[in-house]
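So the sequences go chain by chain: A and B.
Residue 369 is where the first sequence ends in my numbering, and the numbering goes up by one at each step.
Residue 204 is where the second sequence ends in my numbering, and the numbering goes up by one at each step.
Beta carbons are placed, not taken as given, at the ideal position from N, Cα and C, and that holds for glycine.
Note that the structure is predicted; figures quoted are calculated from it, not measured.
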Amino acid sequence: DTAVSQTPKYLVTQMGNDKSIKCEQNLGHDTMYWYKQDSKKFLKIMFSYNNKELIINETVPNRFSPKSPDKAHLNLHINSLELGDSAVYFCASSQAGYTEAFFGQGTRLTVV
Amino acid sequence: AQSVSQHNHHVILSEAASLELGCNYSYGGTVNLFWYVQYPGQHLQLLLKYFSGDPLVKGIKGFEAEFIKSKFSFNLRKPSVQWSDTAEYFCAVRGPGGSYIPTFGRGTSLIVHP
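Put into structure tokens, the structure is as follows:
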């Protein structure tokens, strides 16, 4: 069983479109994250969410929004896609506190 | 706020050479430290982690790391690298200084020539 799964693995779309990336974890973790990995491999936190608190990286445009239907899911919705949004997006999860994060396989988003 | 610095951005080695990748973190309080590996086209996988106790931690695939609190460092080592170690390596820190959100360094690209 895949611990953290995200879909789709690849997403090619036109500028201006709205898209969503889904993420599910079956580890029973209470915190989930979205990271953006740019072309230089830098991993930047976008959102951290548990059932009590959403922490947003202030540099993330408000076109990006996380949506959590339940504790095991944290989807990423992106409005009005721009060329600069092209990147690999990773979902991750962990328990609160100090434990390690487990990562999904990533979604390679290409905006044309 | 916490931050992580990885000093080596690109490392090229021949097989059997020894490896040491530097990692320093900024937050002075209690933290946990991690090294992740990302093979080409894949997701991040945990290599090893330090929570407390023995500052020398051993991970998978023959990797180890040493936590030196006085230097705020957590360097990754491997005595003899293999071609299959070619990957991107990320150091990460988690602690109250960053709201317990795992913060990553910029990564080190390791290429091992056969």
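Beta-bridge partners of residue i, as assigned by DSSP
i: B:F124; result: B:K139, B:A182
i: B:V147; result: B:A155
i: A:F360; result: A:A349
i: B:Y115; result: B:V94
i: B:A177; result: B:L200
i: B:V171; result: Paired residues: none, contrary to the question.
i: B:F164; result: B:F157
Beta carbon proximity, residue i to chain A, threshold 9 Å
i: B:H97; result: no
i: B:E178; result: yes
i: B:P192; result: yes
i: B:R167; result: no
i: B:N122; result: yes
i: B:A182; result: yes
i: B:H133; result: yes
i: B:A129; result: In the sequence as presented, Ala is not what sits at residue 129 of chain B; that position holds Tyr. Not closer than 9 Å to any Cβ of chain A, the Cβ of B:Y129 fails to qualify, so no.
Beta-carbon proximity list for residue i, same chain, < 6 Å, skipping 5 on both sides
i: B:G152; result: K168
i: A:V317; result: M303
Cβ-Cβ separation, residue j to residue i (assumed contact under 8 Å), whole Å
i: A:D287; j: A:N274; result: Not a contact, Cβ separation roughly 32 Å.
i: A:Y306; j: A:A358; result: About 13 Å separates the two Cβ atoms, so there is no contact after all.
Contact set for residue i: own chain, Cβ-Cβ below 7 Å, skip 5 residues either direction
i: A:E339; result: M272, V368
i: B:Q135; result: Y126, V127
CB contact below 9 Å: residue i versus chain B
i: A:K328; result: no
i: A:I278; result: no
i: A:T316; result: no
i: A:Y267; result: no
i: A:Y346; result: no
Neighbourhood of residue i by C-beta distance below 8 Å, restricted to the same chain and skipping five residues each side
i: A:P326; result: N332
i: B:G188; result: A91, Q92, Y117
Whole beta strand (DSSP E) elements within the segment 266–353 of chain A, 3-residue minimum: 267–270, 276–282, 288–294, 300–307, 311–313, 321–324, 332–335, 344–351
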